[in-house]
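Start counting the sequence shown at 1; every next residue gets the next number (the numbering used here).
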Amino acid sequence: KEFMKTVVTYSPAHTIVPTYGCFNRCSYCSFRVSEFNYISAAKTETEFKVARNSNVSEILILSGEVHPNSRHRKYWLDQIKNIAKNAISNGFLPHTNCGILLRDEMQELSEFNVSMGLMLESSSLKLTQKGQVHYHAPSKIPSIRMQNLHQAGELHIPFTSGLLLGIGEGIEDVYRDIEFFGNIEDMYGNLQEIILQPMQSKSENTECVAKLEKDRVESLIKVVEFARKTLPESVVIQVPANLMGIQDVIECIKAGARDLGGIGVIDEVNQCYKFPELNLLKNVLLQNGFRLEKRLPIYPRHDKWIKSKELMQSVARWRSLLDIERNQVKEHELKQDQNRSKLVQ
């Protein structure tokens, strides 16, 4: 009976950051630093060891951006590519989110990733005006980011995008952007998830309470409902489990969300907002009629677009392991049901 509950997924993931340096200066950002220091090879290997010990399948390569016209751009891109290559050789599945990319850059990185991502955040031009959150963020110009989503579709790259909610956009902007995502999926068929992420204030604290005000929760639920009604069924709606209370997560799931994103040791963008403990999350979901399952950073319908034999073999191996794990859970729960039935008799 438990196994028949509606499935909600997450990706066991570990994040590696090539550099926190970024030429954008978004006013809400707690990720960015001004210096462009890069992760060392030794530190990267240490991160792979942590990932192995955490039994994750996905390596999320999350980077600050170097200006497209910078003489350091190639070095930056090479660092990202090398981390992805090493992730593959270590048996992981890389997913890169490193900001806007030129077409040849995106195509090159796609050879070493099972999927990629870029948050649209918002198409509101108001946010790029003086005094607004994206005024000092040239790569957040909506047309550039929207063009990158078209580009990813044209290149057959399994892709994740999404919106950052609560940065000054209007509800009409949100609905328009969701419709844009639907058009992208209709045109190219490459969208995997759309993230609906409530903005949380940056903090110097080491641990923050992930709580949303009642009106923000109600607004988020309406956005999730609109997204589920508007987007093709092939596109999964994702909400971040660490940026709201668990009961708020449940309400979003009831409204149509079916994925909680990558869950790992730390959220590098929102470091003080800790991920909920997995067993607690699983139990709360079960109590509300949902079961939490692992997924890979590429969906089966997009396996045909994997661009290397080594990655194809790695994806097949991870899918096999997930199938074995699901069957073991199913057998265990069937035995539990049988034992409960005997007790009742």
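Beta carbons are placed, not taken as given, at the ideal position from N, Cα and C, and that holds for glycine. Remember, it's a predicted structure, so these values are computed and weren't measured experimentally.
Requested in this report: Name the one or two DSSP bridge partners that His-95 has.
Outcome: Leu-60, Ser-115
**Report entry** Top-ranked residue by Cα proximity to Pro-240, from Phe-181, Asn-288, Tyr-299, Asp-267
**Finding:** Asp-267
Report task. Go through its chain and collect everything with a Cβ distance to Val-56's Cβ below 7 Å, but skip five positions before and after it. Result -> Pro-12, Ala-13, His-14, Gly-264
Query raised in the report: In whole angstroms, what separates the C-alpha of Glu-45 from that of Ser-123?
Result: 38 Å
Query raised in the report: Is it a yes or a no for the stretch 328-336 touching the stretch 125-140, going by three-plus beta-carbon pairs under 8 Å?
Result: no
Query - Between the CA atoms of His-150 and Thr-230 - distance to the nearest angstrom - result: 19 Å
**Report entry** Beta-carbon spacing of Phe-290, Thr-6 below 8 Å
**Finding:** yes
Report task. Give the DSSP-derived three-state secondary structure of Leu-127 in the structure shown. Result -> helix
Query raised in the report: DSSP on Ala-137, reduced to helix/strand/coil?
Result: coil
Report task. State buried or exposed for Ile-80, treating a residue as buried only when at least 16 other CB atoms are found within 10 Å of its CB. Result -> buried
Requested in this report: Output the boundary residues of the alpha helix (DSSP H) element that contains Phe-290.
Outcome: Element bounds for Phe-290: not the alpha helix (DSSP H) but the beta strand (DSSP E), 290-294.
Query raised in the report: Secondary structure at Ser-89, three-state DSSP: helix, strand or coil?
Result: helix
Report task. Pick out whichever of Leu-127, Gly-21, Ile-83 has its Cα sitting closest to the Cα of Gly-64. Result -> Gly-21
Query raised in the report: From the DSSP output, which residues share a beta bridge with Thr-9?
Result: Asp-259, Glu-293
Query - Simplified DSSP state of Glu-207, which is helix, strand or coil - result: coil
Query raised in the report: How would you label Gln-129, buried or exposed, when you count the other beta carbons within 10 angstroms and need 16 or more for buried?
Result: exposed
Report task. Take the Cβ of Lys-294 as the centre, count every other Cβ of all protein chains shown within 10 Å, and call the residue buried at 16 or more, exposed below. Result -> buried
Requested in this report: Spatial neighbours of Gly-117 within its chain, please: CB distance less than 7 Å, with the 5 preceding and 5 following residues excluded, ordered by chain position.
Outcome: His-95, Asn-97, Phe-159, Thr-160, Ser-161
Requested in this report: Under 8 Å by Cβ, that's how I've got Glu-58 and Leu-93 pegged, so tell me the actual separation to the nearest angstrom.
Outcome: 5 Å
Query raised in the report: Per DSSP, which one or two residues make a beta bridge with Thr-15?
Result: Leu-60
Query raised in the report: On the three-state DSSP scale, how would you describe Val-265?
Result: coil
Query raised in the report: In chain order, what residues of the same chain have a beta carbon less than 7 Å from the beta carbon of Tyr-273, not counting five sequence neighbours either side?
Result: Gln-200, Cys-208, Ala-210, Asn-242, Leu-243, Asp-267
Query - Within 8 Å, strictly: CB atoms of Val-174 and Val-223 - result: yes
Report task. Output the boundary residues of the beta strand (DSSP E) element that contains Phe-36. Result -> Premise fails: Phe-36 is in no beta strand (DSSP E) and is neither H nor E.
Requested in this report: Kindly indicate which three-state DSSP category Pro-198 falls into: helix, strand or coil?
Outcome: strand
Query raised in the report: When you compare each of Gln-192, Ile-184, Asn-183, Ile-171 to Pro-260 by their alpha carbons, which one comes out closest?
Result: In the sequence as displayed, the identity of residue 260 is Leu instead of Pro. For Leu-260, the nearest C-alpha among the options comes from Gln-192.
Requested in this report: Look at the alpha carbon of Glu-121 and the alpha carbon of Arg-301, and state the distance between them as a whole number of angstroms.
Outcome: 26 Å
Query raised in the report: What is the rounded straight-line gap between the Cα of Val-8 and the Cα of Leu-296?
Result: 13 Å
Report task. Express the C-alpha separation of Leu-164 and Val-284 in angstroms, rounding to a whole number. Result -> 26 Å
Requested in this report: Note down, in chain order, each residue of its chain lying with its Cβ closer than 7 Å to the Cβ of Ala-51, except the 5 sequence neighbours on either side.
Outcome: His-14, Ile-59, Phe-92
Requested in this report: Leaving aside the five residues before and after Ile-39 along the sequence, list all residues of the same chain whose C-beta is less than 6 Å from its C-beta, in chain order.
Outcome: Pro-18
Query - From Asp-248, Gln-313, Phe-36, residue whose alpha carbon lies closest to that of Leu-281 - result: Asp-248
**Report entry** Own chain residues within Cβ distance below 7 Å of Ile-179, not counting five before or after
**Finding:** It should be pointed out that residue 179 corresponds to Glu in this sequence rather than to Ile. Hits under 7 Å: Thr-230.
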